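Just below is one structure, and these are the notes that go with it.
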Amino acid sequence: MSSQLRIGKHIVRYPVIQGGMGVRISAGRLAGHVAKCGGVGLVAAPGICLNSPFYNGRNYFQADAQAFKDELRKAYEIAPDGIIGVNVMVALSDYEQLVKAAIEGGAKVIVCGAGLPMSLPEITAHAPDVALIPIVSSLRAAQLIAKKWHKS
């Protein structure tokens, strides 16, 4: 009997979750190829817009959301049926905007660390099929998140 890795409603062929490596390491191409091979590919948020055509030097936050969606599109071009998600640091100034952009871009998984993603279930309530994965650094952090998310 073989066991399967299930993340939310998604079944992962191989138990491989690519780490979210910013700035522009974990972008659409890498995420797409990991997903195509049967793992979970992640697009990392930090600095995703810096060498995109959307950034003009004055519109960082707007360009960030656009570039994030564009990288997801690139990943899905490589792996149309793959499990592709994002890694968004809670500490980012545009955290909520990036989570919303990830949903608009079709992310199936949202991984959040660098802070406690306490409001993530509320932000994503309209997208119940998106799996939410907090990165925790302690038992206490896990307990706080579980308690808050259970109430949501």
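The sequence shown begins at 2 in this note's numbering and counts up by one. Ideal Cβ placement from N, Cα and C applies to all residues, glycine included. Being a predicted model, the structure only gives us computed values, none of them experimental.
Rounded straight-line distance, which links the Cα of residue j to that of residue i
i, j, result
"G29", "A36", "10 Å"
"A143", "G58", "38 Å"
"D71", "G106", "8 Å"
"A92", "P54", "25 Å"
"V112", "Y61", "22 Å"
"G114", "P135", "6 Å"
"R141", "H151", "15 Å"
"A66", "Y15", "30 Å"
"K148", "P118", "12 Å"
"M2", "L51", "In this predicted model, M2 has a pLDDT of only 44, less than 50, meaning its place in the structure is not dependable; the value taken from the coordinates is given anyway. Going by the C-alpha atoms only, they are around 47 Å apart."
"E97", "Q5", "31 Å"
"V13", "Y56", "34 Å"
Identified DSSP bridge partners for residue i
i, result
"P135", "C113"
"I12", "R7"
Best match in the options for proximity to residue i [C-alpha to C-alpha]
i, options, result
"A108", "K148, S120, K10", "K10"
"G116", "A66, S138, I8", "S138"
"V17", "G23, I104, R7", "R7"
"K75", "A132, F62, E97, G42", "G42"
"I84", "V110, Q5, I146, S4", "V110"
"I104", "L133, A80, G33, I79", "L133"
"H34", "V87, E78, L145", "E78"
Residue burial classification, residue i (beta-carbon count within 10 angstroms, cutoff 16)
i, result
"I26", "exposed"
"G20", "exposed"
"V24", "exposed"
"D82", "exposed"
"L73", "buried"
"P47", "buried"
"A64", "buried"
"A68", "buried"
"I124", "buried"
"A126", "exposed"
Quick check on the DSSP output: what are the complete alpha helix (DSSP H) runs of length 4 or more inside the stretch 57 to 131, in order along the chain?
61 to 79, 96 to 105, 121 to 124
In the stretch 15 to 51, which residue ranges form an unbroken beta strand (DSSP E) of at least 3 residues, counting only runs that do not cross its ends?
41 to 45
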